[in-house]
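Residue numbers (the numbering used here): 156 to 581.
We put the CB at the ideal spot given by N, CA and C, even for glycine.
Taking it in order: structure first as structure tokens, then the write-up.
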Ligand SMILES: *Cc1c(COP(=O)(O)O)cnc(C)c1O
């Protein structure tokens, strides 16, 4: 369906009126600027608070007050099995079987715990391949794991580089690099969506290429969970992890998630064990020998952080109600509209606003990264003063992420108006 966009308020409002997901906006609390909702485009950094979060937290505080330790079994949502309530929603969200996912820990911790099992350098096979400019925490995790195994991060951590003059990676170049490293490659670990460029990678193709040379394929889905329509099981991904405070709106530092493909379950892979990974039917026998759960729960080390899980549960209910396929359909339109609006502002002001995120909807999520030639930080500061919450990433990118759960076409239209105003009045 060819879409013609218009840079008018009436057009944006008509698109919002026709949006089947429009009611979800009212489920979120927006910060204010001069008494009005801000234009919030940083769901890629910290998602907004669901209105239901406070009640969900209150429930746990009340149950704690009322039951004390008995809350583990008597709370409305028993704490002992709290994470199990979240599993079905998480599985739907990332395209997994319920036994393949678990809500636990924090993102970088999960990356480490999963690498304990899935980065097993052996002989010549020691290298980790990742994308150019991964999120720094991932680089630290990769390098420290390599060093932990006695390797040399300078030699064994390899980034696929973009071609000269390009900002993003071509799948064919990623596959070529995997083939080139061949039997020296232990692990391919990419972001699902790169935090800086907003490029979404072809996870099925990367996984297939990794497996073809005998390597493991893992993904950090911090910028992909709740943003893309993921099919981790069908793509045959070995492992993945993600955080819940970005697109998943579960609050600062909230509990993260992990995926381990079914074919690795029940195989007694080496892992760092804790009591919450022990077979739950025998957990309280407190025996000396670790007997892992036959599910991704085997990787759990500690009991569930119930307060953050409470918010996570409420946030995931919203994803269940909206449906990730519907969210993604809206997201493609909303981001295409943002690209259109940015191009309109370029034309009207004669300013170069280079979007480095791929134009192909299959290669991006909702975020667009604008390289603001010569404007950069000053432009960012001025739109912030006008009530736009976007974000600035060194060295020179403004990231704008309209999310389909709570952003509207009108938000995008108004963003264009502010950008144009600021650029026209230097
Ligand atoms: C946000 C983000 C992180 C942050 O890690 P935490 O452990 O949650 O603090 C790590 N990696 C990537 C790719 C991210 O986008």
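Under the DSSP assignment, residue 375 falls outside any alpha helix (DSSP H), being part of the beta strand (DSSP E) whose first and last residues are 371 to 375. For residue 294, the uninterrupted alpha helix (DSSP H) segment begins and ends at 291 to 303. Relative to the non-hydrogen atoms of ligand 1, the Cβ of residue 512 never comes closer than 7 Å to any of them. Listed as beta-bridge partners of residue 390 by DSSP are no residues whatsoever. Placement of the Cβ of residue 353 at a distance of 7 Å or more from every heavy atom of ligand 1 is found.
Excluding the 5 residues flanking it on each side, residue 287 has same chain C-beta neighbours closer than 7 Å at 314, 315, 316, 317, 324, in chain order. Within the stretch 214 to 289, the complete beta strand (DSSP E) segments of 3 residues or longer fall at 256 to 259, 282 to 286, listed in chain order. If you look at residue 546, you'll find it in the beta strand (DSSP E) that goes 546 to 548.
Comparing alpha carbon positions, the residue from 539, 399, 205 closest to residue 193 is 539. The count of Cβ pairs closer than 8 Å, one atom from the stretch 406 to 424 and one from the stretch 438 to 455, reaches three, so the stretches are in contact. Spatial neighbours of residue 407 in its own chain (CB-CB distance under 8 Å, excluding positions within 5 residues in sequence) are listed in chain order as 201, 400. Residue 166: member of the alpha helix (DSSP H) spanning 164 to 172, first to last residue. Around ligand 1, the residues whose beta-carbon falls short of 6 Å from at least one of its heavy atoms are 261, 262, 263, 290, 292, 293, 346, 350, 375, 377, 378, 398, given in chain order. Shown here, residue 328 sits in a helix according to DSSP, grouped into three states. Residue 315: member of the beta strand (DSSP E) spanning 312 to 315, first to last residue. Here residue 373 is actually not in contact with residue 403; their C-beta atoms are around 19 Å apart, not less than 8 Å. Going by DSSP, residue 477 is part of the alpha helix (DSSP H) stretching over 461 to 477.
Contact fails between the stretch 364 to 371 and the stretch 347 to 355, because fewer than three Cβ pairs, one in each stretch, are under 8 Å apart. Bounds of the alpha helix (DSSP H) holding residue 577 are 564 to 579. Beta-bridge partners of residue 197 (DSSP): 556.
Excluding residues up to 5 positions away in sequence, 538, 541, 543 lie with their Cβ nearer than 7 Å to the Cβ of residue 573 in the same chain.
Under the 8 Å Cβ criterion, the stretch 459 to 470 does not count as touching the stretch 482 to 497, having fewer than three qualifying pairs. Residue range 523 to 526 is occupied by the beta strand (DSSP E) that includes residue 525.
Counting C-beta pairs with one atom in each stretch, the stretch 324 to 339 and the stretch 246 to 262 have fewer than three that are closer than 8 Å, which means they do not touch.
Here residue 415 is not near residue 431, since their CB atoms are 8 Å or more apart. Residue 196 sits close to residue 545, with the two beta carbons spaced by under 8 Å. Between residue 377 and residue 290 the beta-carbon gap is near 7 Å, inside 8 Å, which marks them as a contact. In this structure, the alpha-carbon of residue 535 lies about 16 Å from that of residue 504. In this structure the stretch 351 to 367 does not lie against the stretch 162 to 171, because fewer than three pairs of beta carbons, one per stretch, are closer than 8 Å. The alpha-carbon of residue 283 is positioned some 12 Å away from that of residue 304.
Residue 394 holds the alpha-carbon nearest to the alpha-carbon of residue 273 among 329, 394, 357, 221. Excluding the 5 residues flanking it on each side, residue 242 has same chain C-beta neighbours closer than 8 Å at 253, 256, 257, 258, in chain order. Beta-carbon to beta-carbon, residue 522 and residue 556 are separated by about 4 Å, close enough to satisfy the 8 Å threshold. Ranked by Cα distance from residue 417, the options 389, 353, 444, 525 are led by 389. CA-to-CA, the gap between residue 184 and residue 566 works out to about 15 Å.
Contact check for residue 527 against residue 551 passes: the beta carbons are separated by less than 8 Å.
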